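Here the structure is laid out as structure tokens; the discussion comes afterwards.
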Amino acid sequence: MEFGKVQYIDNIDFSLPPDDPVTDRLWQRLAPAMKEPLRVHVGGTEWGRSSWVGRVYPRGAKSKDFLAFYAKQFNTVELNTLYYGLQPPSVLQRWASMAGEGFRFCPKFLETISHKQQLVNASRDTGLFIEAVRHFGPRLGPSFLQLSEGFGPDRVGVLENYVRALPGGFRVCVELRHPAWFGAGVSSNMWSLLQELGIGTVITDVAGRRDVLHMRLTAPIAFIRFVTNGLHTKDFQRADAWAERIRTWAGKGLRELYFFVHSPDEQTSPEMMAYVIGRFNERLDAGLRPPNLANGGQAETLSLF
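The numbering of the sequence shown is this note's numbering, which starts it at 2 and goes up by one.
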């Protein structure tokens, strides 16, 4: 991820800010009877890395089998490939069949919707996107709508019209990037609207844009994009802090967590995902299967069946 990327991180304050009052209002809205065990999903942004053979995938693994092996190690993926164009239904159905029962695909809305049309006159492409991703069936997680850095609060009416037109029951999380969304003078009406519609937010933890670490939850689902710095010591400290914050949220009513690890060139993502899974199992009782990563490229043989 190039967004928020910086060359040096030594002087960056990576501490998690306090929860925003928007999040506090969410917990107040959730009746105690609605609270349920937290469902935890941890994954990366792709499965097609040939450099993961011998680490994430067994030696000799073929690219056509990478997804099946990935889904044995992790239980979600941030599906950015659909941002650039839709795949045929047969491809999406095949991907779904290669993943396990508890696996979730989290597709990114089409670029034509979010960046080119900027939500205006986008109903046709939105319908095509929703129709396509529903081919994932029960393995479809929340889709995420990433708005451009130029889409600011002056266009809140456009955003409202768009999200109100989405079909009921279609789960969405919205990622805002324009700095003005996070200023003190921004009206809370937009956040209240998302809460009203049950639409979640995307929280991004990245070095160069600490404002997008806004800590506003508008639905009992956390969609977190965790951008690491090549297994720097601070990355592990940050993951520890997230485990504690999510534990607090779980106690207040958080129902689902999607935690996506990004790293430079995605080379070290598997190791960080493994660390995160270990911490979440320890602190959240997540019950996730620890990934089988090998040292020195000596992966144990994994069976597809």
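We put the CB at the ideal spot given by N, CA and C, even for glycine.
Since we're looking at a predicted model, the values are computed, not measured.
Buried/exposed call for residue i, threshold 16 Cβ in 10 Å
i      : result
ASN12  : exposed
ASN230 : buried
GLY288 : exposed
LYS1   : Because the chain is modelled from 2 through 306, residue 1 falls outside the range shown and cannot be assessed.
THR24  : buried
ARG165 : exposed
PRO292 : buried
PRO89  : exposed
SER270 : buried
GLY169 : exposed
GLU197 : exposed
GLY1   : The chain is shown only over 2 to 306; residue 1 falls outside these bounds and no answer can be derived.
ALA100 : buried
GLN29  : exposed
ASN162 : exposed
ASN76  : buried
THR234 : exposed
PRO19  : exposed
PRO22  : exposed
Within 8 Å, strictly: CB atoms of residue i and residue j
i      : j      : result
GLY209 : VAL57  : no
LEU129 : LEU87  : yes
GLN147 : GLU102 : no
VAL187 : VAL207 : no
GLY138 : ARG105 : no
SER144 : PHE110 : yes
LEU120 : VAL159 : yes
ARG211 : HIS263 : no
ALA244 : ARG290 : no
PRO221 : LEU31  : yes
VAL203 : PHE224 : yes
MET274 : GLY44  : yes
PHE15  : ARG239 : yes
ARG246 : LEU17  : yes
VAL1   : LEU258 : Residue 1 is absent from the structure shown; the chain starts at 2 and stops at 306.
GLU47  : GLU283 : no
ARG140 : ALA97  : yes
ARG156 : VAL213 : no
ALA295 : GLY55  : yes
LEU285 : LEU39  : yes
DSSP beta-bridge partners of residue i
i      : result
ALA223 : LEU258
GLU145 : Residue 145 is actually Phe in this sequence, not Glu. DSSP, once it has assigned bridges, lists LYS109 and CYS174 as partnering PHE145.
HIS42  : TYR259
THR202 : VAL175
VAL228 : HIS263
LEU120 : Looking at the DSSP assignment, LEU120 forms no beta bridge with any residue, so it has no partner.
GLU79  : CYS107
TYR58  : VAL54
Cβ-heavy atom distance, residue i to the ligand HEM, below 7 Å
i      : result
PHE260 : You won't find the ligand HEM in this model; it holds no ligand whatsoever.
* To do: Taking 8 Å as the threshold, find out whether the segment 69-80 comes into contact with the segment 114-129 through three or more Cβ pairs.
  => Short answer: they don't touch.
* Asked: Is it a yes or a no for the segment 148-159 touching the segment 77-93, going by three-plus beta-carbon pairs under 8 Å?
  -> No: the two stretches stay apart, fewer than three of their Cβ pairs being nearer than 8 Å.
* Is the number of C-beta pairs between the segment 44-64 and the segment 119-127 that are closer than 8 Å three or more? -> The segment 44-64 vs the segment 119-127: no contact.
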